[in-house]
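Going by numbering that gives the first Met the number 0, the first residue of the sequence shown is number 0, and it counts up by one from there.
Glycine is no exception: its CB is placed at the ideal position from the N, C-alpha and C atoms.
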Amino acid sequence: MRPVKNIYCVGRNYVLHAKELKNQVPESPILFTKPTHALVKAEGQAIILPGDSGSVHYETELVIRIGRSYKKGKKADELIDGIAVGIDFTLRDVQNELKQKGYPWLSAKGFLNSAVLSRFVDFPGIEECKKISFALIKNGEQVQAGNIKDMIFDFQTIIDFTANRFGLGRNDIIYTGTPQGVGPISDGDNLSLVLGKEVIGRCKIKLS
Ligand code: ZN
């Protein structure tokens with residue numbers, strides 16, 4: 000895997016997910032970041048997550064990788080060079096507490112192993128992307144599925160917004176938001192990350 004430079008994540012980018020957490024549908028993209036130390040590739044191994052901080056939720060997301068430096072007017076189709084399926088692991092109870100206090104989300108979103116990635120596949124273009132769904136299978140059962148057609152802010156909007164405010168370049172990746180159906184994981188869960196009909200990442204959960 001090419002080294003990842005910055006990890007951006009989009010919050011509340013699917014209407015049904017915003018509603019399931021009783022959040023308002025945003026008027027402009029909500030961005031946050033994770034440290035690169037949070038990254039872990041799902042290659043069939045056990046992934047250790049906190050077992051002492053309340054519920055750990057999976058959020059299954061399509062992840063885009065930027066292949067070249069951003070310039071105004073550049074199309075998302077030219078800038079993206081790879082896609083993966085990722086899990087934005089979230090300490091939901093911690094996040095709810097942070098939200099109430101008005102504190103930053105880092106403790107809920109940026110912990111070790113909170114940014115899971117499948118392998119990257121070549122970006123087929125936005126229109127082709129709309130023909131394939133991404134999904135999470137937990138212990139043999141599909142628990143989440145999404146399609147970028149349902150995103151509130153599309154790739155171009157997310158890219159322009161991110162680049163103009165924070166900068167965007169080669170080897171930055173963006174978790175583009177989770178569809179509805181987020182839920183808790185338990186010790187021993189087996190997870191498979193699916194793109195189209197293909198499993199492109201796997202891991203086993205170890206809570207400790
Ligand atoms: Zn997320």
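Residue range of the beta strand (DSSP E) that includes residue i
i, result
"residue 97", "Where residue 97 is concerned, there is no enclosing beta strand (DSSP E), although the alpha helix (DSSP H) it sits in stretches over 91-100."
"residue 87", "79-87"
"residue 42", "42-48"
"residue 117", "It is not in any beta strand (DSSP E) - residue 117 carries neither H nor E in the DSSP assignment."
Paired residues, beta bridge with residue i - DSSP
i, result
"residue 150", "13"
"residue 8", "31 and 174"
"residue 182", "57"
Cutoff 6 angstroms; reference residue i; Cβ partners in own chain excluding five residues on either side
i, result
"residue 43", "201"
Inter-residue spacing [alpha-carbon to alpha-carbon] between residue i and residue j
i, j, result
"residue 102", "residue 10", "16 angstroms"
"residue 105", "residue 75", "28 angstroms"
"residue 0", "residue 35", "13 angstroms"
"residue 8", "residue 114", "10 angstroms"
"residue 165", "residue 135", "30 angstroms"
"residue 138", "residue 186", "12 angstroms"
"residue 129", "residue 31", "25 angstroms"
"residue 37", "residue 64", "16 angstroms"
"residue 214", "residue 77", "As displayed, the chain neither begins before 0 nor continues past 207, which places residue 214 out of reach and without an answer."
"residue 26", "residue 6", "22 angstroms"
Cβ neighbours of residue i in the same chain (closer than 7 angstroms, five flanking residues each side left out)
i, result
"residue 60", "85, 87, 174, 175, 176 and 177"
"residue 121", "81"
Cut-off 8 angstroms between Cβ atoms - residues of its own chain near residue i, not counting five sequence neighbours on either side
i, result
"residue 53", "90, 91, 92 and 93"
Limits of the unbroken alpha helix (DSSP H) element including residue i
i, result
"residue 127", "125-128"
"residue 37", "Run containing residue 37: none; DSSP gives neither H nor E here."
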